[in-house]
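Chemist: Residue numbers (the numbering used here): 19 to 399. This structure is in structure tokens; I'll ask about it shortly.
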């Protein structure tokens with residue numbers, strides 16, 4: 019029997035699994051390899067950090083989803099691809115043969131940042147590990163006699179949204195004396211792809227919520243309650259969230275797959291590897307010729323295209339090309355149940371935008387099973 023191996027439980031593969039409910043495949047054995055039985059939906063991570071969602075509400079039960087669509091779930095992490103023999107090898111040295119393989123493993127923290135054994139960096143991915151670390155810090159801050167500090171390294175959309183959610187949570191818990199700092203490489207938070215007036219508005223918002231913004235700087239290390247910046251200065255950082263940049267999994271470069279200069283898998287307009295047509299990739303791990311950047315929005319859209327390419331491949335049908343949209347709708351969660359919307363040069367903010375984001379996230383999550391309440395205590399078993 020032919021085999022399809024899905025490596026990673028990201029947004030794109032969630033789309034594939036969801037489609038199997040309506041279009042089951044009977045002549046191909048399908049396996050999902052993902053180290054965790056559950057996945058935190060990244061679109062709800064800011065609300066989770068702010069304390070507006072429970073862990074159960076923001077999580078998808080991958081193991082249960084696989085059981086519902088007759089897909090084998092393998093709780094392991096891939097560490098090597100043997101393309102000659104079409105085999106995936108895990109960290110436990112187990113081998114999984116495949117006819118086709120699809121990669122949706124996202125990206126990890128930036129490797130250029132110093133990460134010693136004493137480092138106190140907390141990468142925002144995987145989200146479940148970040149959430150556990152954040153909850154532990156909030157409990158520590160509530161019990162501490164001295165004032166503590168939070169620092170977020172990276173002022174893109176993810177880092178900016180995260181620091182606002184952290185401030186919202188701390189204020190709501192009465193931890194007003196815990197300081198919060200955002201460090202970014204530009205003069206203002208968010209990338210140049212966002213409207214200038216929106217970026218100025220974010221600066222004002224940070225100031226209003228007593229969040230310090232340090233412009234044109236990068237965090238190079240964090241340890242012993244301090245973050246070291248690239249100009250030699252140090253900032254207090256009892257909790258240092260790493261949201262700056264991203265790097266692909268190192269083993270991709272050793273696999274023999276064609277990769278771009280940053281190390282991501284080069285794919286064609288069908289989401290196939292340009293060097294090996296039995297390998298597919300979507301989301302952050304891939305480098306699409308028409309995709310302007312990486313975001314969760316693109317990953318969801320790519321998932322729909324990936325699903326069609328995999329179905330057509332398994333059915334020996336011609337594949338249909340996918341061209342990502344040039345503009346992406348961003349909905350950035352703000353404190354006090356507000357949100358900011360950005361689409362190309364247009365932007366707006368208010369409570370209505372928050373309600374819209376809530377509707378979109380809730381509708382998306384209704385498609386998938388959630389962990390049982392007694393499974394919330396630990397997401398990384």
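Glycine is no exception: its CB is placed at the ideal position from the N, C-alpha and C atoms. On a predicted model such as this, the values are computed, not experimentally measured, just so you know.
Could you compute how far the alpha carbon of residue 186 sits from the alpha carbon of residue 156?
Modeler: Near 12 Å, if we compare the C-alpha coordinates of residue 156 and residue 186.
Chemist: If you run the structure through DSSP and keep just helix, strand and coil, what is residue 119?
Modeler: Strand, per DSSP.
Chemist: In angstroms, rounded to a whole number, what distance separates the CA positions of residue 243 and residue 340?
Modeler: Their Cα atoms are separated by approximately 47 Å.
Chemist: Any contact between the region 135-149 and the region 221-233? By contact I mean 3 or more CB pairs, one from each, below 8 Å.
Modeler: Verdict: no, contact absent.
Chemist: Start and end of the beta strand (DSSP E) containing residue 218?
Modeler: Per DSSP, residue 218 belongs to no beta strand (DSSP E); it is in the alpha helix (DSSP H), 214-226.
Chemist: Which residues in the same chain have their Cβ closer than 6 Å to the Cβ of residue 201, if we skip the five residues on either side of it in sequence?
Modeler: Correct list, in chain order: 171, 232, 235 and 237.
Chemist: Please name the residue, chosen from 344, 50 and 38, that lies closest to residue 90 on a Cα-to-Cα basis.
Modeler: Here the closest residue by C-alpha is 50.
Chemist: With a 10 Å radius around its C-beta and 16 neighbouring C-beta atoms as the bar for buried, classify residue 298 as buried or exposed.
Modeler: Buried, by the Cβ-count rule.
Chemist: Give every residue of the same chain whose Cβ lies closer than 6 Å to the Cβ of residue 105, excluding the five residues on either side of it in the sequence, and list them in chain order.
Modeler: So the qualifying residues of the chain are 113 and 115.
Chemist: Give me the DSSP bridge partner(s) of residue 387.
Modeler: Beta-bridge pairing links residue 387 to no other residue.
Chemist: Under the assumption that residue 122 contacts residue 24 (Cβ atoms under 8 Å), give the Cβ distance between them as a whole number of angstroms.
Modeler: Correct: roughly 7 Å between the Cβ atoms.
Chemist: Inspect the beta-carbon positions of residue 230 and residue 197 and report whether they are closer than 9 Å.
Modeler: Going by C-beta atoms, residue 230 is nearer than 9 Å to residue 197.
Chemist: Is the number of C-beta pairs between the region 358-372 and the region 73-91 that are closer than 8 Å three or more?
Modeler: Short answer: they don't touch.
Chemist: Should residue 208 and residue 67 be called a contact, given that it needs their Cβ atoms to be closer than 9 Å?
Modeler: No.
Chemist: When you compare only the Cα positions, how much space is there between residue 129 and residue 351?
Modeler: Confidence is the limiting factor: at residue 129 the pLDDT is only 47, short of 50, which leaves the residue's position unreliable, though a coordinate-based value still follows. Distance between the alpha carbons of residue 129 and residue 351 is about 28 Å.
Chemist: Determine the direct distance from the alpha carbon of residue 164 to that of residue 96, and round the result to whole angstroms.
Modeler: Between residue 96 and residue 164, the C-alpha separation is close to 43 Å.
Chemist: Please give me, in chain order, every unbroken run of the beta strand (DSSP E) with length at least 3 that falls completely inside the region 244-272.
Modeler: As far as the region 244-272 is concerned, its whole beta strand (DSSP E) runs of at least 3 residues are 244-247, 252-254 and 257-260.
Chemist: How far does the beta strand (DSSP E) with residue 193 in it reach, from first residue to last?
Modeler: No beta strand (DSSP E) holds residue 193; DSSP gives it neither H nor E.
Chemist: Taking only three categories from DSSP, how would you classify residue 378?
Modeler: In the structure shown, residue 378 sits in a helix (DSSP, three-state: H, G or I).
Chemist: Measure how close the beta-carbons of residue 266 and residue 125 come, nearest whole angstrom, since I'm counting them as under 8 Å.
Modeler: That pair is a contact at about 6 Å.
Chemist: Per DSSP, what are the beta-bridge partners of residue 141 in this structure?
Modeler: According to DSSP, residue 141 bridges with 260.
Chemist: Can you tell me which residues form a DSSP beta bridge with residue 361?
Modeler: DSSP output for residue 361 lists 347 and 364 as bridge partner(s).
Chemist: How many angstroms separate the CA atom of residue 334 from the CA atom of residue 321?
Modeler: Rounded to the nearest angstrom, the two C-alpha atoms are 20 Å apart.
Chemist: In three-state DSSP terms, what is residue 327?
Modeler: If DSSP states are grouped into helix, strand and coil, residue 327 belongs with the helices.
Chemist: Can you have a look at residue 54 and say buried or exposed, based on whether 16 or more other CB atoms are within 10 angstroms of its CB?
Modeler: Residue 54 should be labelled buried.
Chemist: Within its chain, find whatever has a CB closer than 6 Å to the CB of residue 290; leave out the 5 residues flanking it on each side and keep chain order.
Modeler: Contacts found: 298.
Chemist: Alpha carbon to alpha carbon, how far is residue 213 from residue 364? Give it in angstroms, no decimals.
Modeler: So the two alpha carbons sit approximately 7 Å from each other.
Chemist: Can you tell me whether residue 85 is buried or exposed? The criterion is at least 16 other CB atoms within 10 Å of its CB, across all chains shown.
Modeler: Its Cβ having fewer than 16 others within 10 Å, residue 85 is exposed.
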